[in-house]
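Asker:
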Amino acid sequence: MIYLAVIGLEVHTELKTNTKIFCSCKNEFNLEPNINCCPVCVGMPGALPALNKKAVEYAIKAGLALNCEINTLTRWERKNYFYPDLPKAYQVSQAEAPVCLGGYMEIETQNGPKKIRINHIHLEEDAGKLIHSEYGGSLVDYNRGGVPLIEIVTEPDLSSADETLVFLENLRALLKYIGVSDCRMEQGSLRCDVNVSLRKEGEPLGIRTEMKNLASFKAVHRAITYEINRQTEILNSGGEIIQETRRWDDQKGRSYSMRAKEDAQDYRYFPETDLPPVKISSEFVRQVKETLPLLPKERAQKYVEEYNLPQYDAQILTSEITIADFFDECVALFDNPKMISNWIMTDVMRKIKEHQTEDIVLPINAKNFTKMLKLHQDNVINQPAAKTLFEHMWHQDSKTDPEQLIQKLNLVQISDEGELENILKEIIQNNPAAADDVRGGNKKAIAFFVGQVMKATKGKANPKTVNELIQKLL
Ligand SMILES: [Zn+2]
């Protein structure tokens with residue numbers, strides 16, 4: 002039996018504010034445990050929260066970038082659950098009136114563009130972090146407690162693991178673009194739970210399961226594939242899917258049942274009486290809108306129109322804000338967008354792929370990178386020398402001026418006709434048969450001589466001059 006997969010996501014993203022959402026503790030990662038806490042974020046009796054306006058601003062920003070409607074009045078609720086990472090035994094969250102409603106993001110699929118609808122985006126505080134000790138027992142670090150989070154809840158519009166991956170990659174790029182989160186999965190600033198159910202064509206939605214503990218996009222993809230297979234097998238053997246929360250074990254490549262899936266009523270949401278509702282004026286929304294940068298699609302369009310780049314190239318260049326910013330910086334310094342784009346699309350992207358990390362880090366700066374391109378454009382160095390220089394700059398020395406580097410590395414192109422002529426003459430003398438071939442019009446033989454001159458000059462000969470000399474001498 003063929004089933005259709007129905008997938009929805011809950012994406013939690015920590016916001017990049019300076020301080021926590023309801024107190025003035027720093028919002029920082031990697032600190033010594035439990036030093037970044039105060040009576041508010043560890044829930045001491047009588048401590049009163051005060052809302053961080055920046056968190057609301059960032060939630061609105063995310064909502065605008067995802068085409069959401071912004072609520073004019075947003076309220077806080079307490080979500081009750083008892084777990085050691087939550088000292089108050091409730092989490093301040095939003096249920097009835099979240100900051101953003103509706104919205105969508107368009108992704109490219111095999112069948113063309115597809116709109117993935119957003120149900121809503123709400124703000125909440127993060128919980129502490131449990132560290133399960135290898136010596137038994139668990140430790141709690143409350144530094145993370147009270148860090149502002151947005152939860153982006155999609156409609157179940159995704160229909161495969163591949164589509165989900167594309168959506169998440171686009172979403173991460175977008176959130177980084179607008180600067181509301183650094184979206185590092187390995188540090189937990191982007192986390193995602195996946196809901197999966199199956200249904201037959203034309204039939205209503207099936208029972209869904211929720212998958213947790215997904216620490217990378219790859220894990221998300223594997224877990225969805227696993228869950229679709231698991232549910233298919235159960236249904237095919239006449240069984241029933243149980244509504245439950247499952248934990249993904251990436252090492253073992255399988256998931257385990259954690260608990261029966263809770264519904265909203267299980268959390269006994271009730272109004273947070275310590276925080277008044279927040280009025281969001283249309284003026285404030287307008288101000289936030291003005292801080293939005295050009296989003297990936299708009300920026301790609303600009304590259305096509307202003308720099309005449311192919312759509313495909315523009316899309317790659319704008320897929321990550323780090324790359325797009327680097328490209329813009331380069332274009333501002335060196336007026337040859339096509340050449341810059343070509344180098345980024347090939348050599349720079351290859352290097353980035355070699356050192357795959359969550360955050361793209363470019364060890365070269367735009368100033369020296371464009372100087373290198375200019376040296377190549379002005380024929381001071383040829384193509385192979387430019388590649389050598391690029392490698393050197395990327396891996397060893399990105400600070401020294403390329404003009405100095407090409408002297409140090411002995412990469413300056415030899416265009417001196419006299420010098421090249423002497424080298425070529427000697428090669429012709431040693432290869433009379435090949436020389437006859439050139440005289441007989443054999444193009445391959447010309448390439449042979451160019452190659453020999455390059456070899457003799459360690460790749461530094463100006464290929465144009467060499468070609469001209471071959472024509473002249475043979
Ligand atoms: Zn605090």
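Residue numbers (my numbering): 2 to 475. Note that beta-carbon positions come from the ideal geometry of N, C-alpha and C, so glycine has one too.
Where does Phe327 fall in DSSP's three states?
Answerer: In the structure shown, Phe327 sits in a helix (DSSP, three-state: H, G or I).
Asker: For the candidate residues Lys80, Tyr105, Asp86, whose alpha-carbon lies nearest to that of Cys69?
Answerer: Comparing Cα positions, the closest option is Tyr105.
Asker: In angstroms, rounded to a whole number, what distance separates the CA positions of Gln378 and Thr371?
Answerer: So the alpha carbons of these two residues sit roughly 10 Å apart.
Asker: Alpha carbon to alpha carbon, how far is Gln92 from Lys80? Give it in angstroms, no decimals.
Answerer: Near 5 Å, if we compare the C-alpha coordinates of Gln92 and Lys80.
Asker: Any contact between the stretch 330-344 and the stretch 308-321? By contact I mean 3 or more CB pairs, one from each, below 8 Å.
Answerer: Short answer: they touch.
Asker: Quick check: the Cα distance between Leu236 and Ile242, rounded to an integer number of angstroms?
Answerer: Using only the alpha carbons, I get a separation of about 7 Å.
Asker: DSSP on Glu152, reduced to helix/strand/coil?
Answerer: Strand.
Asker: If we ignore side chains and look at the alpha-carbon of each, how far apart do Asn431 and Met373 end up?
Answerer: C-alpha separation (whole angstroms): 36 Å.
Asker: I'd like the span of the beta strand (DSSP E) that includes His356, first residue to last.
Answerer: No beta strand (DSSP E) contains His356, which DSSP labels as neither H nor E.
Asker: Just to confirm, does Val148 get its C-beta within under 6 Å of one of the non-hydrogen atoms of ligand 1?
Answerer: No.
Asker: Would you give the residue range spanned by the beta strand (DSSP E) that Asn81 belongs to?
Answerer: Where Asn81 is concerned, the enclosing beta strand (DSSP E) stretches over 78-81.
Asker: If we count the other Cβ atoms within 10 Å of its Cβ and call it buried at 16 or more, is His121 buried or exposed?
Answerer: Buried: at least 16 other Cβ atoms inside 10 Å.
Asker: On a CA-only basis, which of Cys38, Thr466, Asp183, Asp86 is nearest Ile424? Give me that one, please.
Answerer: Of the candidates Cys38, Thr466, Asp183, Asp86, the one whose C-alpha sits nearest the C-alpha of Ile424 is Thr466.
Asker: What does the Cβ neighbour count give for Asn411, buried or exposed, with the cut at 16 atoms within 10 Å?
Answerer: It counts as exposed.
Asker: Count the other CB atoms, across all protein chains shown, that sit within 10 Å of the CB of His133; report buried if there are 16 or more and exposed otherwise.
Answerer: Exposed, because fewer than 16 other Cβ atoms sit within 10 Å of the Cβ of His133.
Asker: Please confirm whether any heavy atom of ligand 1 lies closer than 6 Å to the CB of Val41.
Answerer: Result yes, Cβ under 6 Å from ligand 1.
Asker: To the nearest angstrom, report how far apart Glu321 and Ala436 are at their CA atoms.
Answerer: Whole-angstrom Cα-Cα distance: 51 Å.
Asker: Does the structure place the stretch 35-55 close enough to the stretch 212-226 that three or more beta carbon pairs sit under 8 Å?
Answerer: Result no; under three Cβ-Cβ pairs closer than 8 Å.
Asker: For Lys54, tell me which candidate among Lys62, Gly47, Asn383 has the shortest Cα-Cα distance.
Answerer: Minimum Cα distance to Lys54 is reached at Lys62.
Asker: Can you name, in chain order, every residue of its own chain whose Cβ lies under 6 Å from the Cβ of Leu87, other than the five neighbours on each side?
Answerer: Closer than 6 Å at the Cβ level, and outside the excluded window around Leu87, lie Ala128.
Asker: Compute the distance between the beta-carbons of Leu124 and Ile151, then report whether it is under 7 Å.
Answerer: Going by C-beta atoms, Leu124 is nearer than 7 Å to Ile151.
Asker: What residue from Ile119, Arg118, Gly146 has the CA that sits closest to Leu131's CA?
Answerer: Leu131 has its Cα closest to that of Gly146, out of Ile119, Arg118, Gly146.
Asker: Is it right to say Glu228 is buried, meaning 16 or more other beta carbons lie within 10 angstroms of its own, or is it exposed?
Answerer: That one is buried.
Asker: Can you check whether the CB of Arg118 is closer than 7 Å to the CB of Asp158?
Answerer: Cβ atoms of Asp158 and Arg118: closer than 7 Å.
Asker: Apart from the five residues just before and just after Thr458, which ones in its own chain have a Cβ nearer than 6 Å to its Cβ?
Answerer: Within the same chain, Thr458 has close Cβ partners Ile415.
Asker: Looking at Pro272 and Glu78, is the spacing between their C-beta atoms short of 7 Å?
Answerer: Contact: yes.
Asker: Can you name the start and end residues of the beta strand (DSSP E) that Met106 belongs to?
Answerer: Residues 105-110.
Asker: Roughly how many angstroms lie between the CA atoms of Lys368 and Gly113, to the nearest whole one?
Answerer: Each residue's Cα considered, the two are about 39 Å apart.
Asker: Secondary structure at Ala261, three-state DSSP: helix, strand or coil?
Answerer: Three-state result, Ala261: strand.
Asker: Which first and last residues belong to the beta strand (DSSP E) in which Met212 is found?
Answerer: 210-213 is the extent of the beta strand (DSSP E) around Met212.
Asker: Considering only residues of the same chain and omitting the five flanking positions on each side of Asp348, which have a CB-CB separation below 8 Å?
Answerer: Result list for Asp348: Lys388, Phe391, in chain order.
Asker: From this set, Glu211, Thr319, Gly180, Glu204, which residue's C-alpha is nearest Arg248's C-alpha?
Answerer: Measuring from the Cα of Arg248, the nearest candidate turns out to be Glu211.
Asker: Just to confirm before moving on: does the CB-CB distance between Gly449 and Ile471 stay below 7 Å?
Answerer: Position check: residue 449 holds Phe in this sequence, whereas Gly was assumed. No; because the gap between Cβ atoms is not below 7 Å, this pair is not in contact.
Asker: Is the beta carbon of Val439 sitting closer than 7 Å to the one on Ile428?
Answerer: No. Outside cutoff.
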